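Using the UniProt record's numbering, the first residue of the sequence shown is number 1, and each one after it goes up by one. In this text, a Cβ means the ideal position worked out from N, Cα and C, and glycines have one as well. All figures in this text were calculated on a predicted structure; none of them were measured in a lab. Everything on this sheet refers to the single structure shown next.
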Amino acid sequence: MIEKKQSKIRVLVVFGTRPEAIKMAPIVNELKTRKSIETVVCISGQHREMLNQVLDTFEITPDYNLDIMKDQQTLFDITTAILSKVQIVLNNVKPDLVLVHGDTTTTFATALASFYLNIPIGHVEAGLRTNDVYSPFPEEFNRRSVSLISTLDFAPTETARENLISEGKNENNIWVTGNTAIDALKSTIDPNYTDENLEWVDNRRLIIVTAHRRENLGVPMVNMFKAIKRVLDENEDVCAIYPIHLNPQIRKLAYSIFRHEDRIKLIDPLDVVEFHNYMNKSYLILTDSGGIQEEAPSLGKPVLVMRETTERPEGIKAGTLKLVGIEEESIYKEFSKLLTDHDTYKKMTKLKNPYGDGTASKKIADIIELNFRNKNN
């Protein structure tokens, strides 16, 4: 049991990207309801505009902003900037626990700085593994590295917990909580939601596309886009919306392949409420993202994962996800099949989401209180 002398448990929550913010916002708001906890929020600014959208949605005002984002920033830039700037915050706040999420460079650098200062680390969404340190890059390295130094591990699934135990982690410091992404859906979905893009869909089947991973830039992403274009050309009752990442390389590729395709809308990134409701209105989703693999099954939406590996094998095993690789023919084949094989499609929509029931944030807050309950003794 961790013991301190302060009257309240001081928890510093640090995140920096849009996906992190979506998953950490429910925790922040849950922690703020606890009288025994003082919650301090620090954002790195690894993302800027996209991050601010999430903060506004969940009505979170950061106490600290490292503001590290710059044009064409590299992993070197992000890591060194966070290490130097977050040290000042850690020394000022003197937290009992630093709470980080998942596998971003913000998470890795913050955890490393906390370790250097001997501050306990709580790792949300701990234990995900592909067992290929270069896939996804650099996320697999980041999450493995944080696991080496974390104090409390909040695993979303039993599989994630078993991964941590197999690596030598103390099972008494690991809890299966579900994924906080499911918590976020509770406050964002509106059955009556619509806008001009959704009205454009009309009576057609809507496909949501996302593609942004570093390792997929170049030929793999061209393969994805060509496969999607072929399917759209062959199915007049199908249309797609692709909220394009701000990365200029991705945008250039997408516009070069889809510029003459009138049944795909290329739009700017959506805020969290918009995106969740677009998913809810969709027929199926093609993605190389991680969080969508957890969220979409709660909405009854099949997901085709355009990657060679996934750190979320529970969804594959449950049947809510299908790994389709990064080759044009394999993506084309599996995408076409879900549009024509109604039995397979229906089965994927009816399966239980293996990533939780929407109570992860409450469980995490309970665990933090439990582990610091003797701090006044």
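Beta-carbon proximity check, residue i vs residue j, cutoff 9 Å
{"i": "residue 68", "j": "residue 95", "result": "no"}
{"i": "residue 25", "j": "residue 60", "result": "yes"}
{"i": "residue 180", "j": "residue 296", "result": "no"}
{"i": "residue 294", "j": "residue 355", "result": "yes"}
{"i": "residue 122", "j": "residue 363", "result": "no"}
{"i": "residue 227", "j": "residue 287", "result": "no"}
{"i": "residue 127", "j": "residue 174", "result": "yes"}
{"i": "residue 142", "j": "residue 108", "result": "yes"}
{"i": "residue 220", "j": "residue 245", "result": "no"}
{"i": "residue 41", "j": "residue 63", "result": "yes"}
{"i": "residue 272", "j": "residue 188", "result": "yes"}
{"i": "residue 229", "j": "residue 261", "result": "yes"}
{"i": "residue 323", "j": "residue 309", "result": "yes"}
{"i": "residue 216", "j": "residue 307", "result": "yes"}
{"i": "residue 325", "j": "residue 316", "result": "no"}
{"i": "residue 65", "j": "residue 43", "result": "yes"}
{"i": "residue 145", "j": "residue 112", "result": "yes"}
{"i": "residue 185", "j": "residue 319", "result": "no"}
{"i": "residue 264", "j": "residue 232", "result": "yes"}
{"i": "residue 167", "j": "residue 135", "result": "no"}
{"i": "residue 208", "j": "residue 282", "result": "yes"}
{"i": "residue 275", "j": "residue 243", "result": "yes"}
{"i": "residue 106", "j": "residue 16", "result": "yes"}
Where residue i falls: helix, strand or coil (DSSP)
{"i": "residue 352", "result": "coil"}
{"i": "residue 204", "result": "coil"}
{"i": "residue 313", "result": "helix"}
{"i": "residue 58", "result": "coil"}
{"i": "residue 307", "result": "coil"}
{"i": "residue 34", "result": "coil"}
{"i": "residue 243", "result": "strand"}
{"i": "residue 10", "result": "strand"}
{"i": "residue 397", "result": "Residue 397 lies beyond the range of the chain shown here (1 to 377); nothing can be said about it."}
{"i": "residue 359", "result": "coil"}
{"i": "residue 15", "result": "strand"}
{"i": "residue 378", "result": "Residue numbering for the chain in the displayed model covers 1 to 377; residue 378 lies beyond these limits and cannot be assessed."}
{"i": "residue 94", "result": "coil"}
{"i": "residue 270", "result": "coil"}
{"i": "residue 301", "result": "coil"}
{"i": "residue 74", "result": "coil"}
Cβ-based burial, residue i [other Cβ within 10 Å; buried from 16]
{"i": "residue 153", "result": "buried"}
{"i": "residue 372", "result": "buried"}
{"i": "residue 1", "result": "Because residue 1 carries a pLDDT of 47, less than 50, the predicted location of this residue cannot be relied on, and no value is offered for it."}
{"i": "residue 58", "result": "buried"}
{"i": "residue 298", "result": "buried"}
{"i": "residue 334", "result": "buried"}
{"i": "residue 249", "result": "exposed"}
{"i": "residue 376", "result": "Any reading at residue 376 needs caution, since the residue's pLDDT is 48, under 50, leaving its predicted position unreliable; the model's value is listed next. Under this definition residue 376 is an exposed residue."}
{"i": "residue 53", "result": "buried"}
{"i": "residue 91", "result": "exposed"}
{"i": "residue 49", "result": "exposed"}
{"i": "residue 161", "result": "buried"}
{"i": "residue 133", "result": "exposed"}
{"i": "residue 140", "result": "buried"}
{"i": "residue 51", "result": "buried"}
{"i": "residue 338", "result": "buried"}
{"i": "residue 138", "result": "buried"}
{"i": "residue 156", "result": "buried"}
{"i": "residue 284", "result": "buried"}
Proximity test, residue i beta-carbon vs the ligand PLP heavy atom, cut-off 8 Å
{"i": "residue 46", "result": "The ligand content of the structure shown is nil, which means the ligand PLP is not present either."}
Interface flag, residue i vs chain C, CB-CB below 9 Å
{"i": "residue 57", "result": "The structure shown contains no chain C, having only a single protein chain."}
Quiz item: Unbroken beta strand (DSSP E) runs of length 3 or more, entirely within the segment 98-145: which are they?
Solution: 121-124
Self-check item: Contained beta strand (DSSP E) runs [length at least 3] in the segment 140-221, N- to C-terminal order
Solution: 152-155, 174-176, 205-210
Self-check item: contact_flag[the segment 142-152, the segment 238-249] where n(CB pairs < 8 Å) is 3 or more
Solution: no
Quiz prompt | Any 3 or more C-beta pairs closer than 8 Å across the segment 99-115 and the segment 13-24 | solution = yes
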